[in-house]
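Residue numbers (the numbering used here): 51 to 340.
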């Protein structure tokens, strides 16, 4: 059933300027939609549908509509319509976005810029070296290497593959670095591996900095991430610009513009780490503008 909010037009009344397609009904998408809709122009018409509803009635989307998707299922559903106009796709990691390889897509990533992750790690820990784990498909580029000098931080990358398994690689990383930086890689950090990663980090008395607040609850020291409201604000900027400039040529994807911070004081005490307050961290990070 089509979800109607105040000020929305039904498909029978008019074709919406903005159609928001969500993968499912959950509180995260709801908060992002509320933030986005609250920043749309008063005259903007919009509809909210689920990916399943879209599959049942794709006639509600025409080439004049600006489509925003939330989550992978929604992005998949819209891509199957083979529309000429680009869509704005949120709640995707860089890893997921790269797997699409489709034209007319603008990705609003869950990933923070690497410099922001590194600056956050440096501020919170004052470490000299930090390690990341990648799979065979990812490798650091020249820009990532250049940023390390800016922060006086050594970044070491470790690769997992069929021969080099995750936990042995992680133990080597923890032995050679001051901390672990977990990047949004579902192929590496998932429900099957997360407990082992965080427990190994804790036992080696080396903190883990993550991309997810859920990981902080499970034992990571801290995370920097985009909240549903952060994502909604980012979407609002892009949607409003596209409404004002329909021919605006956007990049293929954008890293998260807005961020939130979560810390685990219990883990900090256990590792004898003195944590700044979250407000102090944000103020210091904002001054760096990573």
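Built from N, CA and C at the ideal position, the CB exists for glycine as well.
Enclosing beta strand (DSSP E) for residue 272 [first to last residue]: Locating residue 272 in the chain shown gives position 222, where the first residue counts as 1. Here the beta strand (DSSP E) through residue 272 covers 272-275.
Contact set for residue 167: own chain, Cβ-Cβ below 8 Å, skip 5 residues either direction: The residue given as residue 167 occupies position 117 in the chain shown. For residue 167, where only same-chain residues beyond five positions count, the Cβ hits under 8 Å are 231, 233, 259, 261 and 274.
Distance between beta carbons of residue 281 and residue 82, contact taken as under 8 Å: As a first step, residue 82 must be located in the chain shown, where it is residue number 32. As a first step, residue 281 must be located in the chain shown, where it is residue number 231. Indeed they touch by this definition, with Cβ atoms about 5 Å apart.
Selected residue, minimal CA-CA separation from residue 177, among 142, 324 and 268: For the purposes of this step, residue 177 is taken as the residue at position 127 of the chain shown. When each option's Cα is compared against that of residue 177, the closest is 324.
For residue 96, three-class secondary structure by DSSP: The residue you call residue 96 lines up with position 46 of the chain shown. Residue 96: strand per DSSP, three-state reduction.
Alpha-carbon spacing of residue 214 relative to residue 297, whole angstroms: Locating residue 214 in the chain shown gives position 164, counting from the first residue. Locating residue 297 in the chain shown gives position 247, counting from the first residue. If I take the Cα positions, the gap works out to 47 Å.
Exposure of residue 301, with buried meaning 16 or more beta-carbon neighbours within 10 Å: Counting from one through the chain shown, the residue named residue 301 turns up at place 251. Label assigned to residue 301: exposed.
N-terminal and C-terminal residue of the beta strand (DSSP E) that residue 300 is part of: Along the chain shown, one-based indexing puts residue 300 at 250. No beta strand (DSSP E) contains residue 300, which DSSP labels as neither H nor E.
Which residues DSSP lists as bridging residue 363, in chain order: In the structure as shown, the chain starts at 51 and stops at 340, and residue 363 therefore has no counterpart that could be examined.
As assigned by DSSP and simplified to three states, the class of residue 155: In the chain shown, the residue the question calls residue 155 occupies position 105. Strand, per DSSP.
Given 8 Å, three or more beta-carbon pairs between the stretch 149-166 and the stretch 249-256: No: fewer than three Cβ pairs fall under 8 Å.
For residue 217 and residue 226, the rounded distance between their alpha carbons: Residue 226 sits at position 176 when you count from the first residue of the chain shown. Residue 217 sits at position 167 when you count from the first residue of the chain shown. Residue 226 and residue 217: Cα-Cα distance of roughly 14 Å.
Helix, strand or coil at residue 238 [DSSP, three-state]: Locating residue 238 in the chain shown gives position 188, where the first residue counts as 1. In the structure shown, residue 238 falls within a coil segment according to DSSP collapsed to helix, strand and coil.
CB of residue 174 within 9 Å of CB of residue 77, strictly: Here residue 174 corresponds to residue number 124 of the chain shown, with the count starting at 1. Here residue 77 corresponds to residue number 27 of the chain shown, with the count starting at 1. Not in contact: residue 174 and residue 77 (Cβ atoms no closer than 9 Å).
Cα-Cα separation between residue 181 and residue 171, rounded to whole angstroms: By one-based count along the chain shown, residue 181 stands at place 131. By one-based count along the chain shown, residue 171 stands at place 121. Here the alpha carbon of residue 181 sits roughly 11 Å from the alpha carbon of residue 171.
Through-space distance from residue 220 to residue 247, alpha-carbon basis: Residue 247 sits at position 197 when you count from the first residue of the chain shown. Residue 220 sits at position 170 when you count from the first residue of the chain shown. Their backbone Cα atoms lie some 8 Å apart in a straight line.
Contact check, residue 118 vs residue 149, beta carbons under 9 Å: Taking the first residue of the chain shown as 1, we reach residue 118 at position 68. Taking the first residue of the chain shown as 1, we reach residue 149 at position 99. It is not a contact, given that the beta carbons lie outside the stated cut-off.
Helix, strand or coil at residue 129 [DSSP, three-state]: Counting from one through the chain shown, the residue named residue 129 turns up at place 79. Three-state result, residue 129: helix.
Outcome for residue 123 when other beta-carbon atoms lying within 10 angstroms are tallied against a minimum of 16: By one-based count along the chain shown, residue 123 stands at place 73. Looking at its Cβ environment, which holds 16 or more other Cβ atoms inside 10 Å, residue 123 is buried.
Residue 139 classed as buried or exposed, judged by whether at least 16 other C-beta atoms fall within 10 angstroms: The residue given as residue 139 occupies position 89 in the chain shown. A buried status is given to residue 139, since no fewer than 16 other beta-carbon atoms sit within 10 Å of its beta-carbon.
Cβ-Cβ distance between residue 142 and residue 125 below 9 Å: As a working mapping, residue 142 is identified with position 92 in the chain shown. As a working mapping, residue 125 is identified with position 75 in the chain shown. The answer is yes: Cβ separation under 9 Å.
Residue 254 in three-state terms, based on DSSP: In the chain shown, counting from the first residue as 1, residue 254 sits at position 204. Coil at residue 254, not helix or strand.
CB contact flag (residue 236, residue 209, <9 Å): Along the chain shown, one-based indexing puts residue 236 at 186. Along the chain shown, one-based indexing puts residue 209 at 159. Result no, Cβ atoms of residue 236 and residue 209 do not sit closer than 9 Å.
Distance CB(residue 85)-CB(residue 283) smaller than 9 Å: Stepping through the chain shown from its first residue, residue 85 is reached at position 35. Stepping through the chain shown from its first residue, residue 283 is reached at position 233. Against a cut-off of 9 Å, the Cβ pair of residue 283 and residue 85 comes out as a contact.
Assigned exposure category for residue 72 - 16 Cβ within 10 Å defines buried: Within the chain shown, residue 72 is the residue found at index 22, counting from 1. Classified as buried, residue 72 has 16 or more neighbouring CB atoms from the shown chains inside 10 Å of its CB.
Which of helix, strand or coil DSSP assigns to residue 260: Counting from 1 along the chain shown, the entry for residue 260 is found at position 210. The DSSP-derived three-state label of residue 260 is strand.
Span separating the alpha-carbon of residue 207 from that of residue 155: Numbered from its first residue, the chain shown carries residue 207 at position 157. Numbered from its first residue, the chain shown carries residue 155 at position 105. Pairing residue 207 with residue 155, the inter-Cα distance amounts to about 30 Å.
Segment limits, alpha helix (DSSP H) that includes residue 345: Coverage of the chain is limited to positions 51 through 340, which leaves residue 345 absent and any answer about it impossible.
Assigned exposure category for residue 333 - 16 Cβ within 10 Å defines buried: Counted from its first residue, the chain shown places residue 333 at position 283. Residue 333 comes out exposed.
Test item: CB-CB of residue 68 and residue 266 under 9 Å: For the purposes of this step, residue 68 is taken as residue 18 along the chain shown, with counting starting at 1. For the purposes of this step, residue 266 is taken as residue 216 along the chain shown, with counting starting at 1. Cβ distance not < 9 Å, so residue 68 and residue 266 don't count as in contact.
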